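Enquirer: Below is one structure. I have some questions about it.
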Amino acid sequence: MGLRRIAPRAHNRSDQVDLFMRLWDVPLDDAQMRHIGEHAPISQKRSIFGNMNHEGAPYPASSCLASRFHPDFLAVVEPGVRDFLVAIAVDHNLVTYTSCEGHDYRPDGRRPDERHVGLIPRSAEESARAIAVFEAVGRTLNAMPASPAVEVALMLNEVHDGQAVYPTIDLYLSKHADADWDDYFAGVDMATAQLVAALESEQPIA
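Okay, so the sequence shown: first residue is 0 according to numbering that gives the first Met the number 0, each after it adds one.
This is the structure in structure tokens:
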């Protein structure tokens, strides 16, 4: 049985996606990294719920697309999802465009966000390989989860940039249907460590 599919997010938009994807595969030498760090630093503000975005808004909001070679790349990733993102972006050489460590909005009467990392495949072939690996890893972990409150799931979506549309794949650590949110947030770090270890044991996707 395949992984549960999460319904696509609405309003999944970004800017300059083509440039971002080209820069993703352009390494920088030390001098270039110093220059960019001094003249084009990137930073994000953190909200009361832990979201990192341009304004420090307490819900999903506009945030930067950072190339993996930018010196501030990991500094603008939410701490709880960094290892997960590195496993996707570095170990598997995939283009990540979004990530979330998971946020509990229940004090504001809103549904929480779940932990996930999203990628934009460079090609249909890369997309198929990524989905196959995520499906295989996810099925194994869901059969013996680190936390019964958390399951691996997939969202197949698109990101829009003007008239351009890019297919996306988001790998989720999602709340199990039979679990409550307290148990999810108590177990998501253990589930993350298990997923990262499983991804690191796989051959690179790209």
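Here a beta-carbon is modelled for each residue, glycine too, at the ideal position from N, C-alpha and C. Owing to the predicted nature of the structure, the values given are computational and were not obtained by experimental measurement.
Taking the Cβ atom as the reference point for each residue, do V25 and A163 lie within a distance shorter than 8 Å?
Expert: No, Cβ-Cβ distance for V25 and A163 is not below 8 Å.
Enquirer: Count the other CB atoms within 10 Å of the CB of P70; is the residue buried (16 or more) or exposed (fewer)?
Expert: Buried is the call here.
Enquirer: Which whole-angstrom value describes the C-beta separation of S93 and L118, a residue pair presumed to lie in contact below a C-beta threshold of 8 Å?
Expert: Sequence check: residue 93 is Leu here, not Ser. About 5 Å; that satisfies the 8 Å criterion.
Enquirer: Please state whether the Cβ-Cβ distance between S13 and Y96 is less than 8 Å.
Expert: Yes.
Enquirer: Taking just the CA atoms, how far does R33 sit from R138?
Expert: Cα to Cα, R138 sits roughly 43 Å from R33.
Enquirer: Just to confirm before moving on: does the CB-CB distance between R3 and A152 stay below 8 Å?
Expert: Against a cut-off of 8 Å, the Cβ pair of A152 and R3 comes out as a contact.
Enquirer: Quick check on P120: buried or exposed, where buried means 16 or more other Cβ atoms within 10 Å of its Cβ?
Expert: By the neighbour-count rule (16 or more Cβ atoms within 10 Å), P120 is buried.
Enquirer: Provide the residue(s) that pair with L228 in DSSP beta bridges, ordered along the chain.
Expert: Missing from the structure shown is residue 228; the chain here goes from 0 to 205 and no further.
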